[in-house]
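K.L.:
Residue numbers (the numbering used here): 305 to 471.
Pasting a structure below so you can have a look.
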């Protein structure tokens, strides 16, 4: 078989087997769902590997490079095909989950945002200059919201009461 015929056959056979398997299993699922699952999987793995004693009492700006490096290493072990920008974005989101309040972090870092309201996983509002805006920030589900709420109330010695959901 000539080199030209080999290349034509390789091109017609499609992507390598591991990518075909990934595509066939996940063909009916949205990329956002796959991204969220990968993010949660890596987040849980990172939590298992982090030493809580090492994190205690340290500033999150000081810890962020270490957490991002660990997340990047775990992501490198995963064979999910991703562009470099997607990898950097995912590593940043995982660091936000570990060190901060997840999807709320960009809003918290914005000095023009005066209030944040979470009404549902996909309904995050913020107030800027007295005007409410619907954010593009989303939580995975209600459990994700509760996980972030726990982080907020824990240092305040408060508890979450679903009958009075204001924090």
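Glycine included, C-beta positions come from ideal geometry on N, C-alpha and C.
A quick note: this is a predicted structure, and the numbers were derived from the prediction, not measured.
Taking the alpha-carbon positions, what's the residue 303 to residue 441 distance?
P.N.:
Since the first residue shown for the chain is 305 and the last is 471, residue 303 is missing from the structure and cannot be characterised.
K.L.:
Can you tell me which residues form a DSSP beta bridge with residue 380?
P.N.:
None; residue 380 has no bridge partner.
K.L.:
Under a three-way DSSP split, which group does residue 352 fall into?
P.N.:
Residue state, collapsed to three classes: helix.
K.L.:
Please state the DSSP three-state secondary structure of residue 371.
P.N.:
Looking at residue 371 - three-state DSSP - the assignment turns out to be helix.
K.L.:
Assuming residue 453 is part of the alpha helix (DSSP H), what are its boundary residues?
P.N.:
Segment 446-457, the alpha helix (DSSP H) holding residue 453.
K.L.:
Consult DSSP for residue 405 and reduce its assignment to one of helix, strand or coil.
P.N.:
Note: residue 405 maps to coil in three-state DSSP.
K.L.:
Between which two residues does the beta strand (DSSP E) holding residue 421 run?
P.N.:
Residue 421 -> beta strand (DSSP E) spans 417-424.
K.L.:
Between the C-alpha atoms of residue 405 and residue 443, what's the straight-line distance to the nearest angstrom?
P.N.:
Cα to Cα, residue 405 sits roughly 11 angstroms from residue 443.
K.L.:
Need the endpoints of the beta strand (DSSP E) that residue 432 sits in, please.
P.N.:
Unbroken beta strand (DSSP E) run through residue 432: 427-432.
K.L.:
Can you tell me which of the three DSSP states residue 442 falls into?
P.N.:
Of the three classes helix, strand and coil, the one that applies to residue 442 here is coil, per DSSP.
K.L.:
Between the region 407-426 and the region 445-462, can you find at least three pairs of beta-carbon atoms closer than 8 angstroms?
P.N.:
As far as the Cβ criterion goes, the region 445-462 touches the region 407-426, which means the pair count is three or higher.
K.L.:
Roughly how many angstroms separate the alpha carbons of residue 402 and residue 387, rounded to a whole number?
P.N.:
One C-alpha to the other measures close to 23 angstroms.
K.L.:
Candidates 437, 340, 393, 413: which alpha carbon is nearest residue 421's?
P.N.:
It is 437 whose Cα lies nearest to the Cα of residue 421.
K.L.:
Check whether the Cβ atoms of residue 374 and residue 392 lie closer than 8 angstroms to each other.
P.N.:
Not in contact: residue 374 and residue 392 (Cβ atoms no closer than 8 angstroms).
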